[in-house]
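J.:
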Amino acid sequence: MKKLINAPEDVLIESLRGVQAAHPELRVDFDNRVIYRGTPKADGKVALISGGGSGHEPLHGGFVGLGMLDAACAGEVFTSPTPDQMQAATLEVNRGAGVLHIVKNYTGDVMNFEMAAELAAADGVEVATVVTDDDVAVQDSTWTAGRRGVGVTVLLEKIVGAAAEEGRDLAAVKAVAEKVEAGGRSMGMALTSCTVPAAGKPTFDLPDDQMEIGIGIHGEPGRHRVPLAPASEIAEQLVEPILADLDFTGAPAIVMLNGMGGSPLIELYLMYGEVARILEAKGVQVARSLVGNYITSLDMAGCSVTLLRADDELLGLWDAPVSTPGLRWGL
Amino acid sequence: MSDTLTIDRLIEWLRAFDAEIAQQRSWLTELDSAIGDADHGANMARGMDAVVAKLDAGHPETVDELFKAVGMTLVGSVGGASGPLYGTFFLRMGMAAGAVPSLDGAALAAALRAGLDGIVARGKAEAGDKTMFDALAPGLDALDAALASGSSLADAARAAADAALAGRDATESLVARKGRASYLGERSAGHLDPGAASSAIMLETLAGTVSRT
Chain A
0 MKKLINAPED VLIESLRGVQ AAHPELRVDF DNRVIYRGTP KADGKVALIS GGGSGHEPLH
60 GGFVGLGMLD AACAGEVFTS PTPDQMQAAT LEVNRGAGVL HIVKNYTGDV MNFEMAAELA
120 AADGVEVATV VTDDDVAVQD STWTAGRRGV GVTVLLEKIV GAAAEEGRDL AAVKAVAEKV
180 EAGGRSMGMA LTSCTVPAAG KPTFDLPDDQ MEIGIGIHGE PGRHRVPLAP ASEIAEQLVE
240 PILADLDFTG APAIVMLNGM GGSPLIELYL MYGEVARILE AKGVQVARSL VGNYITSLDM
300 AGCSVTLLRA DDELLGLWDA PVSTPGLRWG L
Chain B
146 MSDTLTIDRL IEWLRAFDAE IAQQRSWLTE LDSAIGDADH GANMARGMDA VVAKLDAGHP
206 ETVDELFKAV GMTLVGSVGG ASGPLYGTFF LRMGMAAGAV PSLDGAALAA ALRAGLDGIV
266 ARGKAEAGDK TMFDALAPGL DALDAALASG SSLADAARAA ADAALAGRDA TESLVARKGR
326 ASYLGERSAG HLDPGAASSA IMLETLAGTV SRT
């Protein structure tokens, strides 16, 4: 294992120290491992918190700031944070208008946020929850844990953050979140596995001439292992299952080409070109795009594609000002 | 050999569970690498180390307070799915046990059963989903059956550990329907479930503790 670390067990806390050093506009609670805005939003506005295992940076801590999250709870690498962290964050950010929990659909995250919502409710804070589950690689079935929450979480935190900033109430903010969640679909692939610092070796073996299609964001193997192919074919393998799952014609789309952490931007832009070409051929009207590393899987090489079926309301919220370490525009 | 578990013996069990988790940490993580996210060993070790650290600093005198402290510590230190599941297990055990200084076989079995019910309520797992339930449920069934037929607590705990081990082994051929392994579909078959493995360790260390005079 070659990593820029001191000791595997100190990675999270030392990374949070770096976040605080680099971003004086944020406030890091090192005991609870929560990243807050340095200046809380005004009273009477709905607050947003999210959180999850670490290793997906900039998600979630990099999306704390004006126009997005009020707080992000950091778990150990690929491990959900705990209810006491989430409860502390919920009580801290509540401005009297309630708190929306944004939860990616993983068994651990869902159960921990559930316990946190119970604790916060006992403390008199109104909590609403949206669970993202946009990964079309996973068969949606009542017999399984359901689809994973992946790329749409980034788009949701941006769009819903703007709605909360406008002063909409908790029910209205939750309704926007559900609209984004319903209209988003993602599919990812890996060229390499990733190495969890505490494990010290790659999570799975992937020969040089093969790739995994349908991976998540935790180094879990995908659904299919197939021979390595040119980017144009990989793009087809990512976009086609998305378009087969939801009709993206007849509405403006927001498209994210996301890097998994170990692929350079030159490849991500090349891939975006391939994706854009396919979408045009399929009659999908791309209104906004985002290319870069936004929801990563440590040092995994590969990418994911997220499509969001939008409308004027969602595009307006997308374009609203945002100022976070991970996304910044309109100011 | 006594058929009653005092607070001290229960703490002995928790310490033995912690020590065995530390021993098996790499193996549990290896199991989790195959079908999950490679963190089960590290998470359980962190959680049980926190439990032992808390017990080192002093411990309650009643079973309900002991297990409540264990449960809250696990919920607050493990994370992932295992935190709420193991945490809920011990919290429910404590609620069922009540403010007593010791547990006899029947009370232990009832507390463990309440813990398992808590896991089902939290995780919504059923038999054959390839989860910790598949080790714990046969284990507790064997415990109940042995106690009902008049076995000593030591023999009953041994039967529970053996059944849990068999249940753990039977998860190998199952296709996961809960947790992260379920994302793999058919590819999850052919591997032991890490949660079932740590659950079997829990009942194995219980049997070991009970059998020591």
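As given, the protein sequences belong to chains A and B, one line each in that order. According to the working numbering, the first sequence holds residues 0 to 330 in order. According to the working numbering, the second sequence holds residues 146 to 358 in order. Where is the CB? At the ideal position from N, CA and C, for every residue including glycine.
1. By the 10 Å Cβ neighbour count, where 16 or more other Cβ atoms means buried, how is Lys40 of chain A classified, buried or exposed?
2. Just the chain A side, please: which residues come within less than 7 angstroms of Asp182 of chain B by C-beta, in chain order?
3. Kindly list the residues whose CB is nearer than 7 angstroms to the CB of Val179 of chain A, restricted to its own chain and excluding five residues on each side of it in sequence; keep chain order.
4. Taking CB distances under 8 angstroms as the criterion, tell me whether Met85 of chain A reaches chain B.
5. So, at 6 angstroms on beta carbons, what are the nonlocal neighbours of Val215 of chain B in its own chain, with the 5 sequence-adjacent residues on each side left out?
6. List the residues of chain A that Val220 of chain B touches, going by C-beta distances under 9 angstroms, in chain order.
7. Assuming Ala252 of chain A is part of the beta strand (DSSP E), what are its boundary residues?
8. Residues in the segment 121-138 of chain A with C-beta within 9 angstroms of chain B's C-beta atoms, listed in sequence order?
9. How close, in whole Å, do the beta carbons of Ala148 of chain A and Asn104 of chain A come, if the pair is a contact with beta carbons under 8 angstroms?
10. Give me the residue from A:Met270, A:Val285, A:Ile101 and A:Pro263 with the minimum Cα distance to Thr248 of chain A.
11. Any idea what DSSP makes of Met146 of chain B, helix, strand or coil?
12. The alpha helix (DSSP H) spanning Gly17 of chain A covers which residue range?
13. If we require 3 or more residues per run, which beta strand (DSSP E) segments fall completely within the segment 39-70 of chain A?
14. Count the other C-beta atoms from every protein chain shown that fall within 10 angstroms of the C-beta of Gln86 of chain A, then say buried if there are 16 or more, exposed otherwise.
15. State the CB to CB distance for the pair Gly224 of chain B and Gly74 of chain A, rounded to an integer number of angstroms; the pair is presumed to be in contact (CB under 8 angstroms).
16. Within the chosen definition, does the segment 191-203 of chain A reach the segment 3-13 of chain A through at least 3 CB pairs nearer than 8 angstroms?
17. Determine the direct distance from the alpha carbon of Met193 of chain B to that of Ala230 of chain A, and round the result to whole angstroms.
18. Got a sec: is the Cβ-Cβ distance from Ala197 of chain A to anything in chain B below 8 angstroms?
19. Compare the C-alpha of Ser333 of chain A against each of A:Val304, A:Ala280, A:Met0 and A:Gly66 and name the closest.
20. How is the alpha helix (DSSP H) around Ala157 of chain A delimited, first residue to last?
21. The alpha helix (DSSP H) that contains Ile166 of chain B, what's its start and end?
22. Does Ile34 of chain A come out as helix, strand or coil in the three-state DSSP assignment?
23. Who are the Cβ neighbours of Ile241 of chain A in its own chain at under 6 angstroms, not counting the five residues just before and after it?
24. Leaving out five residues before and five after Gly268 of chain B in sequence, what residues of the same chain have Cβ atoms less than 6 angstroms from its Cβ?
25. Compute the distance between the beta-carbons of Leu348 of chain B and Ala305 of chain B, then report whether it is under 8 angstroms.
26. Please report whether the beta-carbon of Thr174 of chain B lies at a distance below 8 angstroms from any beta-carbon of chain A.
27. Using a Cβ-Cβ distance under 8 angstroms, would Tyr231 of chain B count as near chain A?
28. Just the chain A side, please: which residues come within less than 8 angstroms of Leu329 of chain B by C-beta, in chain order?
29. Excluding the 5 residues preceding and the 5 following Met255 of chain A in the sequence, name in chain order all residues of the same chain whose CB lies nearer than 6 angstroms to its CB.
30. Can you say whether Pro344 of chain A is buried or exposed, counting buried as having 16 or more other CB atoms within 10 angstroms of its CB?
31. Report yes or no: is there a C-beta of chain B within less than 8 angstroms of the C-beta of Thr50 of chain A?
32. For Ser192 of chain A versus Gly213 of chain A, is the C-beta distance shorter than 8 angstroms?
33. For Gly329 of chain A and Met299 of chain A, which I take to be in contact (beta-carbon distance under 8 angstroms), what is that distance rounded to the nearest angstrom?
34. Find the nearest neighbour of Trp158 of chain B within the set B:Arg191, B:Phe212, B:Ser178 and B:Ser171, judged by alpha-carbon distance.
35. Which residues in the same chain have their Cβ closer than 8 angstroms to the Cβ of His204 of chain B, if we skip the five residues on either side of it in sequence?
36. Measure the C-alpha to C-alpha separation of Leu267 of chain A and Met188 of chain A and round it to an integer number of angstroms.
T.: In this structure, then:
1. buried
2. Ordered by position in chain A, the residues that pass the 7 angstroms Cβ test against Asp182 of chain B are Phe77, His217, Gly218 and Glu219.
3. Around Val179 of chain A: Val151, Leu154, Leu155, Ile158, Val159, Leu307 and Leu313.
4. Not closer than 8 angstroms to any Cβ of chain B, the Cβ of Met85 of chain A fails to qualify, so no.
5. Val196 and Phe235
6. Thr81, Pro82, Asp83, Asn111 and Met114
7. Counted as a single uninterrupted DSSP element, the beta strand (DSSP E) harbouring Ala252 of chain A occupies residues Pro251 to Gly258.
8. Asp134, Ala136, Val137 and Gln138
9. The question names Ala, but residue 148 of chain A is Gly in the sequence shown. The pair is a contact, with the Cβ atoms about 4 angstroms apart (cut-off 8 angstroms).
10. Considering only alpha carbons, the answer is A:Val285.
11. Residue placement at Met146 of chain B cannot be trusted, given a pLDDT of 45 that sits under 50; what the coordinates show is reported in the next sentence. In the structure shown, Met146 of chain B sits in coil (DSSP, three-state: anything other than H, G, I, E or B).
12. Val10 to Ala21
13. 46-53
14. buried
15. 5 angstroms
16. yes
17. 46 angstroms
18. yes
19. This structure leaves residue 333 of chain A out entirely; chain A is present only between 0 and 330.
20. Checking the displayed sequence, the identity of residue 157 of chain A turns out to be Lys instead of Ala. Lys157 of chain A -> alpha helix (DSSP H) spans Val151 to Glu164.
21. Ile152 to Ile180
22. strand
23. Cβ within range, chain order: Val135, Arg184, Met186 and Leu306.
24. Leu230
25. yes
26. yes
27. no
28. Correct list: Glu219, Pro220 and Arg222.
29. So the qualifying residues of the chain are Gly150, Leu289 and Thr305.
30. No answer is possible for residue 344 of chain A: it lies beyond the span of chain A, which begins at 0 and ends at 330.
31. Correcting the residue identity first, residue 50 of chain A is Gly in this sequence and not Thr. Answer no: the Cβ-Cβ gap between Gly50 of chain A and chain B never drops below 8 angstroms.
32. no
33. The Cβ separation is near 31 angstroms, so there is no contact.
34. Distances from the CA of Trp158 of chain B to each of B:Arg191, B:Phe212, B:Ser178 and B:Ser171 were compared; the closest alpha carbon is that of B:Phe212.
35. Ile152, Ile156, Leu211 and Ala214.
36. 12 angstroms
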